[in-house]
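Enquirer: Residue numbers (this note's numbering): 4 to 94.
Even glycine gets a Cβ: it sits at the ideal position worked out from N, Cα and C.
Below, the structure written as structure tokens:
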């Protein structure tokens, strides 16, 4: 099992950052078939071969994920896609 831990700085107000994270989750859902739900300031997500969370923190978001066997082989591609979407939505 492989893990991902990405931190991405932002300057958005909390409400805007939360909306951006929801947009990120929607993009990842389209791409990887994930389901997600909020618990406080953390958006938990899961799908076939991946479980993780996007934590909204002051000035940054942190994405953590555990990849199953099949997605572990594509870890670089998954990380790149997450970083691309974070940059697109959070700047």
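Could you give the DSSP three-state label for residue 83: helix, strand or coil?
Expert: If DSSP states are grouped into helix, strand and coil, residue 83 belongs with the helices.
Enquirer: Using DSSP with H/G/I as helix, E/B as strand and the rest coil, what is residue 73?
Expert: In the structure shown, residue 73 sits in a helix (DSSP, three-state: H, G or I).
Enquirer: Classify residue 72: buried if its beta carbon has 16 or more other beta carbons within 10 angstroms, exposed otherwise.
Expert: It is exposed - the Cβ of residue 72 has fewer than 16 other Cβ atoms within 10 Å.
Enquirer: Determine the direct distance from the alpha carbon of residue 9 to that of residue 38, and round the result to whole angstroms.
Expert: So the two alpha carbons sit approximately 19 angstroms from each other.
Enquirer: For residue 5, which three-state DSSP category applies?
Expert: Residue state, collapsed to three classes: strand.
Enquirer: Expressed to the nearest angstrom, what Euclidean distance is found between the alpha-carbon atoms of residue 50 and residue 56?
Expert: Computed Cα separation, rounded: 12 angstroms.
Enquirer: Looking at the secondary structure, which residues open and close the beta strand (DSSP E) in which residue 49 lies?
Expert: Where residue 49 is concerned, the enclosing beta strand (DSSP E) stretches over 45-50.
Enquirer: Check the C-beta distance from residue 53 over to residue 68 and give it rounded, since I have them as a contact under 8 angstroms.
Expert: So it is a contact: roughly 6 angstroms between Cβ atoms.
Enquirer: Under the assumption that residue 13 contacts residue 20 (Cβ atoms under 8 angstroms), give the Cβ distance between them as a whole number of angstroms.
Expert: Contact flag correct, Cβ pair sits at about 6 angstroms.
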